[in-house]
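Notes follow once the structure below has been shown.
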Amino acid sequence: MLQTLKLLQTLKSLDIHPYVDGDKLRVRDTHKRLTAELRAEIQANRAALLERLADGGQRTIETMYALSPMQTGMFFHSQLAPNSGTYIEQTLWHVADPAFDVTRFLWAIETVINRHDSLRAALWTEEGNDAVQIIYNCVQLPINILDWRGVSDETYQARLAALIEEDHKTDFDLTLAPLLRLTMIERHREYDLLFTFHHIVMDRWSVNLFWSEVRRIYAGQPLPPATPYQTYIQHLRHQSIDKPFWQTYLRGVQAATPLLAATSQPQQTGSLSTTMRAFSPTATEQLNEFARTQGYTLNTIFQATWSLLLARYTFASDVVFGMVTSGRTAPVQGIETIIGLFLNTLPFRVQLDATQTVADLLQQVAQTQIELQQREHTPLLDIQSLGEVPSGKHLFETVLLFQNTPQAGAQTPRDLALRAGEVKPGSTGYPLVASVVPGSVKMPAKLMLTYDTSRYDASEIGRLLIHWEQLAVNMAACAQQPVAQLSMLTQAEQSQIVDEWAALGGLPDDVVIQRQTDTRIYILDRVGFPVPMGAIGELHVDREQGTENALVEHHEFGRLFKTGILCRWSADKQIEQVGRVDEPGNGSSELESHRPFVMPRTAVEQQIAAIWMDVLRIKQVGVYDDFFLLGGHSLLATQAISRIRAQLLVNIPIASLFQYRTLETFAGFVAMLQANSQVMDAEFEEI
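At position 371 of the sequence shown (counting the first as 1) the number is 570 in our numbering, and the numbers step up by one without a gap.
So, in structure tokens, the structure goes:
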């Protein structure tokens with residue numbers, strides 16, 4: 200097979216195209232580049248070429264079915280941000296086994312792909328309709344083979360890094376199956392295998408299942424028939440949305456819980472980066488033992504600590520983050536062995552109380568976990584439509600993922616000796632994704648943060664990891680201690696903040712105090728801990744001035760004056776004001792609600808308004824109305840754009856509706872595109 204693939208690549212590079220005509224093998228050679236040597240090689244590999252080319256030409260549609268809720272969201276966001284690496288996942292394997300059988304490996308990997316309907320899927324959509332999965336009876340994995348046997352070590356590593364980067368930015372055409380590809384790099388008797396796939400067809404649980412099956416087939420082990428992903432999709436069709444629960448659950452949540460931008464200078468051009476921090480073996484065992492004795496999972500422990508971290512960093516007592524669910528608790532037979540995308544992301548809300556003990560908090564988190572798990576099939580877009588956060592705005596900005604996926608079984612004598620390499624993480628569309636890898640006696644637990652470098656810098660991410668670790672270790676010390684007494688600071692940090700930073704420096708203009716040489720300042724969180732760099736707290740001064748109700752007695756710093764000003768420490772240890780304690784939450788501007796209703800005026804405004812009314816199922820749209828405030832969301836935006844493209848004959852990007860949200864501005868943008876299109880048409884003469 201390897202020789203056949205190399206021959207096909209050579210022919211393609213010369214614009215020579217072999218094809219099957221009945222039982223004959225023909226070649227289209229427009230540029231007359233077919234040499235006698237190539238002709239002889241084609242004849243020598245005639246049978247293998249016929250088999251390979253015939254497989255690609257005989258596929259038919261086996262079935263079609265709907266997308267899962269998470270797939271639907273990914274489908275939209277992939278179109279919204281092309282060539283950005285969004286949802287492009289990579290796995291890099293290194294093979295140094297002299298007995299590695301390339302042909303057998305390629306056969307094994309294609310066998311696994313064709314066992315599972317989800318891996319033979321292409322995604323199609325038509326005007327005004329939801330996207331569907333088209334399942335073909337068989338597919339061929341696109342394979343690119345590179346011969347780098349003469350490349351030096353230093354050059355090899357640089358070229359490999361560049362290849363991975365370029366591959367990560369190369370989108371899949373979602374209308375062409377399979378949504379996977381393989382790059383094989385040959386070097387002496389070793390290989391690097393870069394396996395790339397769109398997250399819409401596989402989650403990480405499925406990736407482990409996939410490579411487990413590849414190993415077993417390579418070793419000659421039989422596999423039972425695969426349970427189709429369609430079984431799970433059919434199960435979802437019979438699930439309903441518990442509207443009363445979600446409306447009550449989200450009552451009062453009017454904006455996402457954000458971690459502010461970096462205190463130092465992030466990168467101008469954003470990309471994704473991941474930083475990891477491992478617990479010590481002692482701390483790992485302490486956490487495992489704490490979970491066992493308290494009767495909770497480690498997932499519950501880390502959900503509680505992540506909510507505390509968000510609260511301490513944002514001066515909040517009510518936080519929401521995204522919880523990634525496996526989706527594999529559904530009552531579908533064989534669900535643990537199905538390859539596909541089962542994940543969903545749900546809003547996890549934690550309301551903190553200063554009187555709570557650790558045990559109280561864990562009980563609340565565990566109960567929320569149970570309630571969400573019972574409703575884990577609910578699409579996030581439907582959930583958000585039942586809440587108070589305006590359409591078009593995120594319900595949360597951070598996502599927590601507990602990595603509890605099946606591991607490959609014991610190796611056999613003929614098993615693949617694959618060693619994992621490092622690749623970039625795939626984008627989720629959220630600026631910060633927190634991951635937990637549980638540990639054991641032999642392997643310490645790990646915390647990871649994958650972040651957008653245009654919003655955060657490495658130093659702030661490093662501090663977040665340390666503080667998260669501190670909260671987890673301190674929580675595991677005693678379940679009966681008050682949550683308010685859990686510190687996230689190291690002893691060195693505490694001393695530095697209190698002893699060095701508290702010396703009076705520049706204060707916000709809103710603070711007027713009698714300046715004295717011994718005046719000290721503190722930025723404290725809601726429970727009275729000094730905040731680290733980047734976290735928000737209320738500014739306190741150790742001077743007894745102000746109204747009586749603004750004076751508080753601190754257990755460590757004595758009598759303090761509460762200024763009511765929210766601040767944080769910057770990277771240069773200056774105080775940055777970010778708001779006031781008594782300010783209302785981030786709501787939408789009042790400007791729109793006070794503007795008069797104005798009917799659509801131009802022909803373009805009227806055409807677009809009619810489409811919006813139909814898609815949003817409303818009776819009228821004014822020129823100042825915002826598509827998302829009218830009830831629109833990403834999937835409805837896709838439908839609206841599709842209709843506008845068809846009716847107004849203009850190729851308009853999906854992202855434009857997020858940029859020009861009101862009818863007036865959006866119609867103006869469409870009219871500009873139409874005018875530009877007419878100018879371009881006038882430059883060409885019909886022949």
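Think of the CB as a built atom: it goes at the ideal place given N, C-alpha and C, for glycine as much as any other residue. Being a predicted model, the structure only gives us computed values, none of them experimental.
Which class does residue i belong to by DSSP, given the choice of helix, strand or coil?
i	result
S841	helix
I720	strand
S351	coil
A607	Residue confidence is low: A607 scores 48 on pLDDT, short of 50, so the model does not pin down where it sits. Its coordinate-derived value is still stated next. The answer is coil: DSSP assigns A607 none of H, G, I, E or B.
F868	helix
D698	helix
P681	strand
V672	helix
M647	strand
Q846	helix
E894	Absent from the model: residue 894. The displayed extent of the chain is 200 to 886, so no value can be given.
P799	coil
F595	coil
P852	coil
T209	helix
E737	strand
L585	coil
D366	helix
T374	coil
D813	helix
P729	strand
H577	According to the sequence displayed, residue 577 carries Thr and not His. Three-state DSSP puts T577 in coil, outside helix and strand.
T271	helix
R380	strand
T203	helix
Who are the near neighbours of residue i in its chain, counting only those whose CB is closer than 7 Å to its CB and skipping five residues on each side?
i	result
T496	A490
E240	L206
F601	N498, F501, V635
S792	Unreliable placement is indicated for S792, whose pLDDT of 44 sits below 50; the coordinate value is still reported in the next sentence. Cβ within range, chain order: n/a, list empty.
M273	Y286, H398, I399
G751	The amino acid at residue 751 is misidentified as Gly; the sequence shows Val. Excluding sequence neighbours, V751 sits near L759, K761.
Excluding the five sequence neighbours on either side, which residues of its own chain have a C-beta within less than 6 Å of the C-beta of residue i, listed in chain order?
i	result
H434	A529, V531
N875	none
D517	Q550
D228	I215
G821	F796, V797
A854	L279
S787	Confidence at S787 is low in this model, with a pLDDT of 35, below 50, so the placement of that residue is unreliable and no value is reported for it.
R154	The chain is shown from 200 up to 886; residue 154 falls before or after that span and cannot be answered.
L645	With the sequence shown as reference, residue 645 is identified as Lys, and Leu is not the correct amino acid for it. Closer than 6 Å at the Cβ level, and outside the excluded window around K645, lie M475, A477, V636.
Give me whichever residues DSSP pairs with residue i in a beta bridge.
i	result
R225	Y218
E752	R758
F601	V635
Q776	C766
R654	Answer by DSSP bridge pairing: none, since R654 is not bridged.
T861	D825
T689	DSSP, once it has assigned bridges, lists no residue as partnering T689.
Residue j and residue i - do their beta-carbons sit closer together than 8 Å?
i	j	result
V338	I308	no
A482	Q679	no
L318	A330	no
W667	I722	no
T456	E596	yes
V740	F760	yes
Q669	L688	yes
R403	D724	no
L375	Q332	no
L834	L545	no
T524	Q572	yes
D824	T801	no
R348	H387	yes
T577	F547	no
R232	L213	yes
L345	R380	no
R303	Y390	no
Within the same chain, show all residues whose beta-carbon is closer than 8 Å to that of residue i, passing over the 5 residues directly before and after it, in chain order.
i	result
E587	L449, R450, G451, V452, Q453
### Within the segment 507-573, ranges of the alpha helix (DSSP H) (whole runs, at least 4 residues)
557-572
### Query
What residue ranges within the segment 382-462 form continuous alpha helix (DSSP H) runs of no fewer than 4 residues, ordered along the chain?
Uninterrupted alpha helix (DSSP H) stretches at least 4 residues long and entirely within the segment 382-462 occur at 403-417, 429-436, 442-448, given in chain order.
#### Entry: Entirely enclosed alpha helix (DSSP H) segments - the segment 288-351, minimum 4 residues
301-314
### Runs of alpha helix (DSSP H) wholly within the segment 470-503 (minimum 4 residues, chain order)
480-493
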